[in-house]
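Take a look at the structure below.
In our numbering, the protein residues as written are 21 to 142.
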C-alpha cells in the first residue's frame with residue numbers, strides 16, 4: 021500500500037457506505053443515447069450528467085448508446101421523477117433505456133494488481 025501511495029497511484033480514501041441502510045433502495049443502469057455526437061454536443065451532455073447527484077458513475081461506451089449511467093434513488097417513484105424531470109430533459113438527449121439491479125453479486129472489489137507484480141512494479 022505504501023508503494024502505491026509513493027508512486028502516486030492512490031487518489032484518495034473513502035468509506036464504503038451501505039446504500040440500503042441510508043435509504044437508497046434503487047440501483048439503476050441507464051443507457052443514454054445522444055441525438056448528435058459532435059464534440060460540443062457531447063461535452064454539453066457530459067457536463068449536465070456530472071451535475072446530477074443521483075448519478076454516481078457515468079461511462080462513455082462503445083456499441084449501442086452513448087453513455088451508461090449508474091443511478092441511485094430511494095425508490096421507484098424517485099427514479100421515475102428523476103427520469104421525467106431531469107434525464108429526459110438533458111441537452112442533446114435522444115433516448116434512454118433502463119435496467120434495474122435485482123441484487124448485487126459483486127461490488128466494491130479491489131482493483132486487480134497482478135499485472136504490476138509481474139512487471140516488477142510492487
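Backbone N, C-alpha and C fix where the C-beta goes; we use that ideal spot for every residue, glycine too.
Worksheet item: Under the DSSP definition of a beta bridge, which residues are partnered with residue 88?
Response: 51, 79
Discussion item. With the cut-off set at 8 angstroms, would you say residue 107 and residue 93 are in Cβ contact?
Written reply: no
Worksheet entry | residue 62 - DSSP class collapsed to helix/strand/coil | helix
Worksheet item: Quick one, which of 138, 128, 135, 88 has its alpha-carbon nearest residue 38's?
Response: 128
Worksheet item: How big is the Cα-Cα spacing for residue 97 and residue 104?
Response: 11 angstroms
Worksheet item: Looking at C-alpha atoms only, which residue of 117, 68, 90 is the closest neighbour of residue 109?
Response: 68
Practice prompt. For the beta strand (DSSP E) containing residue 22, list its first residue and its last residue.
Written response: Here residue 22 belongs to no beta strand (DSSP E); instead the alpha helix (DSSP H) covers 22 to 26.
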